[in-house]
Amino acid sequence: MTEIFGIMIVGSGRKRPPAGLTTENHPTHMLALKEESRMSILVTGGCGYIGSHTCIELLKAGRDIVVIDNYYNAKPEALRRVKELAGKDFPFYECDIRDEEGLRRVFAAHDIEAVIHFAGLKAVGESVSKPLEYYDNNVGGTVTLCRVMAEAGCKRIVFSSSATVYGMNNPSPLKEDMPTGAVTNPYGRTKYIIEEILKDVCVSDPAWTAVLLRYFNPIGAHESGRIGEDPNGIPNNLMPYISQVAIGKLPQLAIHGDDYDTHDGTGVRDYIHVVDLADGHLKAVDYAMTHTGAEAFNLGTGRGYSVLDLVKAFESANGVPVPHVIGPRRAGDIATCYSDPSKAERVLGWKAKRGVEDMCRDSWRWQSQNPKGYDE
Ligand code: NAD
Ligand code: UFG
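Following this line, the structure appears as C-alpha cells:
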C-alpha cells in the first residue's frame, strides 16, 4: 500500500488512521462524526468498470464504503468522478489484494462488515499467455484477502464470478445448479477455483457467507456519461469495439463467425446493463447480512442477443452506422450463452430493469462524451 487518496468526509466507519498513512487531509468536521463508528463495505477493484458503477449505487443507497485498487487496469479519475456523481467522499487506498500487511492496515482502520470483491485480471487471451499471473493475482489475491478478512472477523464476501464457469457443455438458459468447471482458459479457471475455495471456506467455518455472482455480459455505462468502460488498447469485447468503430477510432467491426447454430448465425449472449449489475450487488450484500454459507446467483437478463442484433440495436438507438464485416470464428467461443436469472429474482429480489436500447444508448453516451476514456 503506497498512498491514500481522498480520505472520507461523511461517516465512514473509520476506527483510526492506518499506520504509515498521512492524516493531514482529515477534515476537521469529521471529529463530530467520529463517535459514531458506522460499518463500511470494502470494495476491492472499486476503480474498475463494474466496481465504479457499484460504488455509486452503494453511496446512493446510503452505504459507507472503503475502496482499494492497485490501478493495474484503472485510473484515479474514475473514482474522482464517482465522488462527483455521488456527492460524497470516501476512503481509498492504493493497495494490492496480495499485500497482506496493507490489507491488515485497511481492516484495522475501518469497521468492515462485508467485502465486495471485484479485483482481478480479466482478459481471456492474456490469461492463456500469462497463466501464472492470473493464478497469482486472482486466486492468490483472493486467498490473502480471505485470510485477512477472517483475522479481522469479517466473514461476508460477494465475489465477481462469471458465466464462464458453466463452460462449453451446458445448454442455455444456464442455471446455477448446472455443473461448473469445464472451462477453456486460465481466466475462467481462476473464477471456478475461487468459487470452490470460497465454498470450502464456508464449509470450514459456518460463520462465513460467500455470494458467488455469475455475471453474464455487462455493457452500458452510467446514464450521466461520466463513467464507463475504459479498455486499454484495442478492445476484445463486443460493445467497446462497436463504440470505437462508431466514433471512428477503429475502421470496422469483425464479426467472429456467422455460421453458428443461432437465428442469424452470429454468437448469442446475455447482455446486461452495468447499472443493473451494480444493483445486484446491493441485493447480494443484503442477502449476505442475513445468511451464511456459499450461494451462487446468475446476474443476467435471461434474453439472448446475437452480434448482429446488437449492432442493429446500437445503430438504431444512436443513429450512427457501425461498419462491419464477417470474419472467421474466434477460438474458444460458444454459439449461445444466456442465463436463467429466476433464482436471483426469487431469492435476492433482483431483476434487470434496463433493456438493450438503454445499454446501447448509455454505452454511446459514455464513448462519445469521452472519446479518450478517462484520459481527457
Ligand atoms: P476492471 O479491470 O475494470 O476492474 C478490476 C479492477 O481490479 C481494476 O480497477 C484493477 O486495477 C483492479 N485490480 C486488479 N488486480 C488487482 C489487485 N491485485 N489488487 C487490487 N486491485 C486489483 O474489470 P471489471 O470489468 O470491472 O470486472 C470486475 C470483476 O468482474 C473482475 O473480477 C472480472 O473478472 C469480473 N467479471 C467481469 C466481466 C466483464 O465482462 N466485465 C464478466 C464476468 C466477470
Ligand atoms: N465478438 C465479435 N467481434 C468482436 C468481439 C466480439 O463478433 O470484435 C462476438 C463474440 O464472438 C461473441 C460476442 O461478440 O459472440 C460477445 O463477445 P465478448 O468478447 O464481448 O464476450 P464473451 O461472451 O466472449 O466473453 C465475456 C467476457 C468473459 C466472460 C464471458 C462470460 O469477456 O470474460 O463473457 O461471462 F468470461
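Residue numbers (the working numbering): 163 to 538.
We put the CB at the ideal spot given by N, CA and C, even for glycine.
Contact under 8 Å by Cβ, residue i with residue j
{"i": "isoleucine 218", "j": "leucine 247", "result": "yes"}
{"i": "valine 228", "j": "leucine 204", "result": "yes"}
{"i": "isoleucine 259", "j": "threonine 346", "result": "no"}
{"i": "serine 386", "j": "tryptophan 526", "result": "no"}
{"i": "glycine 282", "j": "asparagine 300", "result": "yes"}
{"i": "tryptophan 512", "j": "threonine 454", "result": "no"}
{"i": "glutamate 321", "j": "leucine 294", "result": "Residue identity differs from the one stated: residue 321 is phenylalanine in this sequence, not glutamate. No."}
{"i": "methionine 201", "j": "aspartate 273", "result": "yes"}
{"i": "leucine 439", "j": "tyrosine 377", "result": "yes"}
{"i": "serine 338", "j": "asparagine 460", "result": "First, the residue type needs correcting, since residue 338 is glutamate and not serine in the sequence shown. In this structure, asparagine 460 lies closer than 8 Å to glutamate 338 by Cβ."}
{"i": "histidine 435", "j": "arginine 516", "result": "yes"}
{"i": "leucine 472", "j": "tyrosine 433", "result": "yes"}
{"i": "cysteine 364", "j": "alanine 456", "result": "yes"}
{"i": "glycine 429", "j": "alanine 514", "result": "no"}
Helix, strand or coil at residue i [DSSP, three-state]
{"i": "proline 189", "result": "Low confidence applies to proline 189: its pLDDT is 33, below 50, so where it sits in the model is not reliable, and the reading given next is rough at best. Three-state DSSP puts proline 189 in coil, outside helix and strand."}
{"i": "aspartate 226", "result": "strand"}
{"i": "asparagine 532", "result": "coil"}
{"i": "alanine 325", "result": "helix"}
{"i": "phenylalanine 269", "result": "helix"}
{"i": "glutamate 256", "result": "strand"}
{"i": "glycine 303", "result": "helix"}
{"i": "aspartate 423", "result": "coil"}
{"i": "tyrosine 377", "result": "strand"}
{"i": "isoleucine 441", "result": "In the sequence under discussion, the amino acid at residue 441 is aspartate, which differs from the isoleucine named in the question. Here aspartate 441 sits in helix by DSSP."}
{"i": "arginine 465", "result": "coil"}
{"i": "asparagine 394", "result": "coil"}
{"i": "histidine 418", "result": "strand"}
{"i": "valine 320", "result": "strand"}
{"i": "aspartate 231", "result": "strand"}
{"i": "tyrosine 433", "result": "strand"}
Near the ligand UFG: residue i beta-carbon under 7 Å from a heavy atom
{"i": "glycine 382", "result": "no"}
{"i": "lysine 284", "result": "yes"}
{"i": "threonine 352", "result": "no"}
{"i": "asparagine 379", "result": "yes"}
{"i": "threonine 326", "result": "yes"}
{"i": "leucine 415", "result": "yes"}
{"i": "glycine 429", "result": "yes"}
{"i": "arginine 492", "result": "yes"}
{"i": "tyrosine 500", "result": "no"}
{"i": "leucine 400", "result": "yes"}
{"i": "tyrosine 130", "result": "The question about residue 130 has no answer here: the residues shown for the chain are numbered 163 through 538."}
Between the CA atoms of residue j and residue i - distance to the nearest angstrom
{"i": "alanine 446", "j": "glycine 302", "result": "24 Å"}
{"i": "glycine 224", "j": "lysine 250", "result": "10 Å"}
{"i": "tyrosine 403", "j": "glutamate 262", "result": "37 Å"}
{"i": "proline 189", "j": "valine 327", "result": "With a pLDDT of 33 at proline 189, under the threshold of 50, the modelled position of this residue cannot be trusted; read the value that follows with caution. Each residue's Cα considered, the two are about 45 Å apart."}
{"i": "aspartate 520", "j": "lysine 317", "result": "36 Å"}
{"i": "asparagine 532", "j": "isoleucine 212", "result": "17 Å"}
{"i": "glutamate 507", "j": "serine 478", "result": "30 Å"}
{"i": "valine 484", "j": "proline 397", "result": "15 Å"}
{"i": "glycine 489", "j": "phenylalanine 476", "result": "20 Å"}
{"i": "leucine 444", "j": "isoleucine 356", "result": "21 Å"}
{"i": "lysine 237", "j": "valine 268", "result": "20 Å"}
{"i": "leucine 193", "j": "aspartate 231", "result": "Confidence at leucine 193 is low in this model, with a pLDDT of 33, below 50, so its placement is unreliable and the value that follows should be read with caution. In a straight line, the C-alpha of leucine 193 is about 27 Å away from that of aspartate 231."}
{"i": "histidine 215", "j": "lysine 284", "result": "17 Å"}
{"i": "arginine 465", "j": "serine 501", "result": "7 Å"}
{"i": "serine 468", "j": "methionine 401", "result": "12 Å"}
{"i": "tyrosine 255", "j": "asparagine 331", "result": "41 Å"}
Any non-hydrogen atom of the ligand NAD within 7 Å of residue i CB
{"i": "tyrosine 297", "result": "no"}
{"i": "serine 289", "result": "no"}
{"i": "methionine 236", "result": "It is worth fixing the name first, because residue 236 is alanine in this sequence and not methionine. Yes; taking the cut-off as 7 Å, the Cβ of alanine 236 has a heavy atom of the ligand NAD nearer than that."}
{"i": "arginine 267", "result": "no"}
{"i": "cysteine 209", "result": "yes"}
{"i": "serine 322", "result": "yes"}
{"i": "arginine 260", "result": "yes"}
{"i": "tyrosine 255", "result": "no"}
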